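Quick note: the sequence shown uses my numbering, first residue -10, plus one each step. Every residue gets a Cβ at the ideal spot worked out from N, C-alpha and C, and that includes glycine. The structure presented is a predicted model; accordingly, all values stated were derived computationally and were not measured.
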Amino acid sequence: MKTVIIVGATTGIGKALAECYAEDGWVIGAAGRRKALLEELQETLPTEVIIQEMDVADTPTARLRFESLVSAAGGVDLVVITAGIGYIDPSLPWEKERETIAVNVEGFAAIAHAAFRIFMEQGYGHLAGVSSIAAIRGGASPVYNASKAFVSNYLQGIRYLAAKRGLPVYVTDIQPGFVDTAMAQGDRLFWVASPEKAARQIFKALERRRSHVYITRRWRLVGWLLKVLPEPLYHKL
-10 MKTVIIVGAT TGIGKALAEC YAEDGWVIGA AGRRKALLEE LQETLPTEVI IQEMDVADTP
50 TARLRFESLV SAAGGVDLVV ITAGIGYIDP SLPWEKERET IAVNVEGFAA IAHAAFRIFM
110 EQGYGHLAGV SSIAAIRGGA SPVYNASKAF VSNYLQGIRY LAAKRGLPVY VTDIQPGFVD
170 TAMAQGDRLF WVASPEKAAR QIFKALERRR SHVYITRRWR LVGWLLKVLP EPLYHKL
């Protein structure tokens, strides 16, 4: 049986992904901040679920607990990092900015780095991270967009290193548009997908070992527009 570790498995896309992999018979390592929700997953999913309480913002402890989870699972085939935060506040309070960096940048890098080291040691693996369509360009939440650009760029760097070393380690950059989770804020939302629909498309993309995927697929059009739209027009959005 294959093993997937999902960091951020208690809600939203992470939880829906855990359900997809449970239905497919994978062993699941579930990590998240809320122990009660992890225990609920363990009790309800129709497969073996190994849980680990983890706050990725506490990077030294998170890395140790991630390694402990891998050990308890007897190894890992796929690591998916879905943990992340975001907010909208035009006043840009520094505490919120700092918290976003701690989770989306430092926390993500801590787990992605630990996963890649394990994959190098065992000689195979697949790493996936949930970035965002917001990674393409700066926007109304500067720290969120910048943090997701970091996620996408870091994943590309790991993919580059794996290729240079000839390792069968696959890396997938997942860039969702709007998904109906706590992070989907604002009054101009469109093409909002359910976490379940997003998870199904991610599951299929990971099966195909895609290097990049927009979720849902029609967000490819928005991604293209964001890349080519002149700055004056972009500022009017």
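- Annotation: the segment 102 to 166 contains the following complete segments of the alpha helix (DSSP H) (minimum length 4 residues), in chain order: 131 to 153.
- Residue pairing by DSSP places Gln41 opposite Ala20 in a beta bridge.
- In its chain, beyond the 5 residues on either side, Gly1, Ile2, Val181, Ala182, Ser183, Pro184, Ala187 and Ile204 have a beta carbon closer than 8 Å to the beta carbon of Val168.
- For Phe105, the number of other beta carbons within 10 angstroms of its own is at least 16, and it is reported as buried.
- Judged by their CB atoms, Val59 and Ile107 are nearer to each other than the 9 Å cut-off.
- According to the DSSP assignment, Val217 belongs to the alpha helix (DSSP H) that extends over Trp208 to Val217.
- Residue pairing of Ile2 in beta bridges, as defined by DSSP: absent, with no partner found.
- Non-local C-beta neighbours of Ala151 in its own chain, meaning closer than 7 Å and more than five positions away in sequence, comprise Val158 and Val160, ordered along the chain.
- Gly(-3) has its alpha-carbon roughly 14 Å from the corresponding atom of Glu28.
- At least 9 Å separates the beta-carbon of Ser121 from that of Pro79.
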